[in-house]
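Protein chains in written order, with the working numbering: chain A, 2 to 293; chain B, 2 to 293. The beta-carbon is built from N, C-alpha and C at its ideal position, and this holds for glycine as well.
2 protein chains.
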Amino acid sequence: MVCGVAVTELARDFRSLREMLAQRHDGLPRRLQQVARYALDHPDEMALGTVAEVAKGAGVQPSTLVRFAQSLGYGGFSELQQVFRTRLRDRWPDYDERLLGLRDAAQAEGGAAILLNGFVEASITSLTRLRETVSAADLDKAADLLAGAETIYLLGQRRAFAVASYLGYALGKLGLRAVLLDNAGGMLPERANLARPGDALLVISFTPYTPGTVDTTAAIAQRGVPVVAITDSAFSPLVPLASAWLEVAEADSGAFRSLAASLAAVLTLAVLAAEKRGVCFRLPPSPGTAGR
Amino acid sequence: MVCGVAVTELARDFRSLREMLAQRHDGLPRRLQQVARYALDHPDEMALGTVAEVAKGAGVQPSTLVRFAQSLGYGGFSELQQVFRTRLRDRWPDYDERLLGLRDAAQAEGGAAILLNGFVEASITSLTRLRETVSAADLDKAADLLAGAETIYLLGQRRAFAVASYLGYALGKLGLRAVLLDNAGGMLPERANLARPGDALLVISFTPYTPGTVDTTAAIAQRGVPVVAITDSAFSPLVPLASAWLEVAEADSGAFRSLAASLAAVLTLAVLAAEKRGVCFRLPPSPGTAGR
DNA sequence: CCCTATATAGAATTTAAATTCCATTCTTCT
DNA sequence: AGAAGAATGGAATTTAAATTCTATATAGGG
Numbered sequence: 002m003v004c005g006v007a008v009t010e011l012a013r014d015f016r017s018l019r020e021m022l023a024q025r026h027d028g029l030p031r032r033l034q035q036v037a038r039y040a041l042d043h044p045d046e047m048a049l050g051t052v053a054e055v056a057k058g059a060g061v062q063p064s065t066l067v068r069f070a071q072s073l074g075y076g077g078f079s080e081l082q083q084v085f086r087t088r089l090r091d092r093w094p095d096y097d098e099r100l101l102g103l104r105d106a107a108q109a110e111g112g113a114a115i116l117l118n119g120f121v122e123a124s125i126t127s128l129t130r131l132r133e134t135v136s137a138a139d140l141d142k143a144a145d146l147l148a149g150a151e152t153i154y155l156l157g158q159r160r161a162f163a164v165a166s167y168l169g170y171a172l173g174k175l176g177l178r179a180v181l182l183d184n185a186g187g188m189l190p191e192r193a194n195l196a197r198p199g200d201a202l203l204v205i206s207f208t209p210y211t212p213g214t215v216d217t218t219a220a221i222a223q224r225g226v227p228v229v230a231i232t233d234s235a236f237s238p239l240v241p242l243a244s245a246w247l248e249v250a251e252a253d254s255g256a257f258r259s260l261a262a263s264l265a266a267v268l269t270l271a272v273l274a275a276e277k278r279g280v281c282f283r284l285p286p287s288p289g290t291a292g293r
Numbered sequence: 002m003v004c005g006v007a008v009t010e011l012a013r014d015f016r017s018l019r020e021m022l023a024q025r026h027d028g029l030p031r032r033l034q035q036v037a038r039y040a041l042d043h044p045d046e047m048a049l050g051t052v053a054e055v056a057k058g059a060g061v062q063p064s065t066l067v068r069f070a071q072s073l074g075y076g077g078f079s080e081l082q083q084v085f086r087t088r089l090r091d092r093w094p095d096y097d098e099r100l101l102g103l104r105d106a107a108q109a110e111g112g113a114a115i116l117l118n119g120f121v122e123a124s125i126t127s128l129t130r131l132r133e134t135v136s137a138a139d140l141d142k143a144a145d146l147l148a149g150a151e152t153i154y155l156l157g158q159r160r161a162f163a164v165a166s167y168l169g170y171a172l173g174k175l176g177l178r179a180v181l182l183d184n185a186g187g188m189l190p191e192r193a194n195l196a197r198p199g200d201a202l203l204v205i206s207f208t209p210y211t212p213g214t215v216d217t218t219a220a221i222a223q224r225g226v227p228v229v230a231i232t233d234s235a236f237s238p239l240v241p242l243a244s245a246w247l248e249v250a251e252a253d254s255g256a257f258r259s260l261a262a263s264l265a266a267v268l269t270l271a272v273l274a275a276e277k278r279g280v281c282f283r284l285p286p287s288p289g290t291a292g293r
């Protein structure tokens, strides 16, 4: 019946589908044009709805949707729907195109490039997700606590240690007193005892939460020191201990997790806290909206 | 059967669901906790996947998902899924609007969001640029040197220290012997003396190059130890000392540079080196294409 | 104006997914 | 340690959705 009609390669992503529809639209039967318009105007409905729902929305019969998909070269509506679902999954409006190109290029270059590309993609995923999960209010609250502290204690072990150490560097540059709690000589508990209620603890930990980190945080929190936690889930044992916390979930690329999102979050906190501190101690030149 | 059990009003939107799960999580059976975590970590899969797909992703049986939904008060998985689908619909009301207004949205949310957005964008810029400047050949060469080393010494100070420390963590996990050269007690020169020709040094430094890092690298290189450098320019003082080097330029967002690209590069090296080492020492089960 | 080819609507069928049920395995309490 | 209860995995069943089929309508050509 439909032998050799589909000259064009069938579209697997939303962009190509859009393009293809624009081209073939005029040659399509009336009802199918109607479906095409609806599909491009309501991509979310196309992705999430059942055939019956979409048909109702577009004002056509269910079978029309199937014929539409088939006339485009797909096996059926479900196959067409995958295009719309993929678009929902991978919606990084700015970066999706770039990423697709990167993946292809990496394949061509060989194993090392694929590996690198994996880490790059995991990092970008983490970063874009960060922008969605962390709100300005959360950041403000956490930064307020840090700005009000005399000394900021930093705690992070294993893979979170890198984050804590960079934060220590940044806070130092910004002129905020910070102490990096490492476990040198197994002295962590003793060094943690220095924290007093006028200070603050910033703790970073991800699954599986290092017991030492959790224990130390609990000990410090119990002594009335405000705790800001950076962790990866609402179920983290740090959350009940914290006065403020940020959810930072890092994607992994097989072997190791990225730290990109954690670093971005932590630097934001550092700069925010410094700004707030600046407002308290030395009044800034421009009042009102302090941030540029 | 389930008369009047659900005391709580059942959640119809994502936020309440999230909250409810956080509360009830501890009282839940093991598998149901597992599902709860997966659901919050992969909301898109929950929205788009079928029961079978989600079950596979979460590592449970399909029936467990249904029981999970029911224990929360929903009629079944489909009803629970609606919550996740609604979230997808509502969060991106309009595709085009979002394209235009990412930065505007940050403006509207306040200083904190602008700041965070800046760090996220800087990181993504660094990461995509990394893919352009670093070639697979460079990576291979550097990884070969590391794979051939008995012990890998890691050197990075100031902001590069975070990178070196994460690399140390990763190499340890991969079973490669690595020594992080910190300057504890001002003993850096003495500790660096331990490196011998059969070892390797991985050094990370960016403008302005920390003198201590450069000096130590020079001393080690002169004693015949192969050096792999991660630095930000061909004119870096590390380049003439190195047997292999990678150019990693980090974008900055005003105050601080991202470390995202450096971390991605360094992790790639670590995994590559471990793979090569595996090939040399214990022949892998699958010959030919050793990858994964 | 009629005949043929194509498109369409709606019912019938097929296919796939969600839910329930039951046997087995862990837990917990005595 | 043993029994009772809850939790789990997997097959069986039910339910819903997608696809196909056919009768009817519509448009285009002779």
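Cβ shell of Ala-7 (chain B) (< 6 Å), same chain only, five flanking positions each side left out: Here Ala-7 (chain B) scores only 41 on pLDDT, less than 50, and its place in the model is too uncertain to base an answer on.
Run of the alpha helix (DSSP H) containing Leu-22 (chain A), from where it starts to where it stops: Looking at the DSSP string, the run of the alpha helix (DSSP H) that includes Leu-22 (chain A) is 15-25.
Chain B within 7 Å of Ala-56 (chain A), Cβ atoms only: No, Ala-56 (chain A) lies away from the interface with chain B (no Cβ there is under 7 Å from its Cβ).
Minimum length 3: unbroken beta strand (DSSP E) runs contained in the segment 144-209 of chain B: Runs found: 153-157, 179-182 and 201-206.
Proximity below 7 Å, CB of Thr-152 (chain A) to CB of Arg-132 (chain A): Between Thr-152 (chain A) and Arg-132 (chain A), the CB-CB gap reaches or exceeds 7 Å.
Buried/exposed call for Ala-138 (chain B), threshold 16 Cβ in 10 Å: Under this definition Ala-138 (chain B) is an exposed residue.
For Val-215 (chain A) and Leu-247 (chain B), the rounded distance between their alpha carbons: Leu-247 (chain B) and Val-215 (chain A): Cα-Cα distance of roughly 37 Å.
Residue from B:Ala-56, B:Gly-213 and B:Asp-14 whose Cα sits closest to the Cα of Pro-190 (chain B): Comparing Cα positions, the closest option is B:Gly-213.
Leu-195 (chain A) to Ala-219 (chain A) span [Cα, whole Å]: Distance from the CA of Leu-195 (chain A) to the CA of Ala-219 (chain A), rounded to the nearest whole angstrom, comes to 14 Å.
Presumed contact (8 Å Cβ cut-off) between Ala-123 (chain B) and Ala-252 (chain B), rounded CB distance: Right, the Cβ-Cβ distance comes to about 4 Å (below 8 Å), so this counts as a contact.
Length of the line joining the Cα atoms of Ser-263 (chain B) and Ser-259 (chain A): Spanning the two alpha carbons is a distance of roughly 11 Å.
Contact with chain A by Pro-285 (chain B), beta-carbon distance below 7 Å: Legend: pLDDT at Pro-285 (chain B) = 35, less than 50; position of this residue unreliable, value from coordinates given subsequently. Not one chain A Cβ lies under 7 Å of Pro-285 (chain B).
Residue nearest to Val-229 (chain B) in terms of C-alpha spacing, selected from B:Leu-11, B:Arg-192, B:Leu-155 and B:Lys-277: Residue B:Leu-155 is the option with its Cα nearest to Val-229 (chain B).
Residue range of the beta strand (DSSP E) that includes Ala-245 (chain A): 245-248 is the extent of the beta strand (DSSP E) around Ala-245 (chain A).
Distance between Ala-144 (chain A) and Gly-187 (chain A) (C-alpha atoms, nearest Å): If I take the Cα positions, the gap works out to 30 Å.
For Ile-231 (chain A), the residue or residues it bridges with in DSSP: Answer is A:Ile-205 and A:Leu-247.
Asp-141 (chain B) versus Gly-60 (chain A) - alpha carbon distance: Taking the straight line from one Cα to the other gives about 58 Å.
Short CB-CB distance (under 7 Å) between Glu-20 (chain A) and chain B: Taking a beta-carbon distance threshold of 7 Å, Glu-20 (chain A) does not count as an interface residue toward chain B.
Alpha carbon of Phe-207 (chain A) to alpha carbon of Ala-245 (chain A), nearest angstrom: Taking the straight line from one Cα to the other gives about 16 Å.
Alpha-carbon to alpha-carbon, Gly-58 (chain B) and Asp-14 (chain B): Taking the Cα positions, Asp-14 (chain B) is about 23 Å away from Gly-58 (chain B).
Spatial distance of Ser-64 (chain B) from Gly-28 (chain B) (CA atoms): Between Ser-64 (chain B) and Gly-28 (chain B), the C-alpha separation is close to 20 Å.
Near-chain B residues of the segment 207-230 of chain A - C-beta to any C-beta below 8 Å: Across the segment 207-230 of chain A, no CB contact with chain B closer than 8 Å is found for any residue.
Closer than 7 Å to chain B by CB, Ala-143 (chain A): Not an interface residue.
C-beta neighbour in chain A for Val-295 (chain B), strict 7 Å: Residue 295 (chain B) lies beyond the range of chain B shown here (2 to 293); nothing can be said about it.
Option in A:Gly-199, A:Val-240, A:Gln-158 and A:Leu-273 with minimal Cα separation from Asp-183 (chain A): Taking only the C-alpha atoms, the option nearest Asp-183 (chain A) is A:Gln-158.
Spatial distance of Leu-89 (chain A) from Leu-168 (chain B) (CA atoms): Approximately 35 Å between the Cα atoms of the pair.
C-alpha distance - Gln-307 (chain A) paired with Leu-239 (chain A), whole-angstrom precision: Lying before the first or after the last residue shown, residue 307 (chain A) is absent from chain A, which here runs from 2 to 293.
Residues bridged to Asp-253 (chain B) [DSSP beta-bridge criterion]: By DSSP's assignment, Asp-253 (chain B) forms a beta bridge with B:Arg-258.
Chain-order list of residues whose beta-carbon lies under 8 Å from that of Val-135 (chain A) (same chain, five-residue window excluded): Residues of the same chain with a CB within less than 8 Å of the CB of Val-135 (chain A), apart from the 5 flanking positions on each side, are Leu-247, Glu-248, Val-249 and Ala-266 in chain order.
Segment limits, alpha helix (DSSP H) that includes Thr-211 (chain B): Note, Thr-211 (chain B): premise wrong, no alpha helix (DSSP H); not H, not E.
Coarse secondary structure for Leu-29 (chain B), derived from DSSP in three states: Residue state, collapsed to three classes: coil.
Own chain, CB closer than 6 Å to Thr-232 (chain B), minus 5 neighbours either side, in chain order: Short of 6 Å from the beta carbon of Thr-232 (chain B), and not among the five residues preceding or following it, lie these beta carbons of its own chain, in chain order: Ser-206 and Leu-239.
Contact residues within the segment 113-126 of chain A, judged by C-beta distance below 9 Å to chain B: When CB distances to chain B are screened at a threshold of 9 Å, the residues of the segment 113-126 of chain A falling below it are Ala-113, Ala-114, Ile-115, Leu-116, Leu-117, Asn-118, Gly-119, Phe-120, Val-121, Glu-122, Ala-123, Ser-124 and Ile-125, in chain order.
Cβ neighbour criterion (16 or more within 10 Å) applied to Ala-185 (chain B): A residue is called buried once 16 or more other Cβ atoms fall within 10 Å of its Cβ, and Ala-185 (chain B), having fewer, is exposed.
Helix, strand or coil at Phe-236 (chain B) [DSSP, three-state]: The answer is coil: DSSP assigns Phe-236 (chain B) none of H, G, I, E or B.
Cβ-heavy atom distance, His-26 (chain A) to the ligand ADP, below 6 Å: This structure lacks the ligand ADP, and indeed carries no ligand of any kind.
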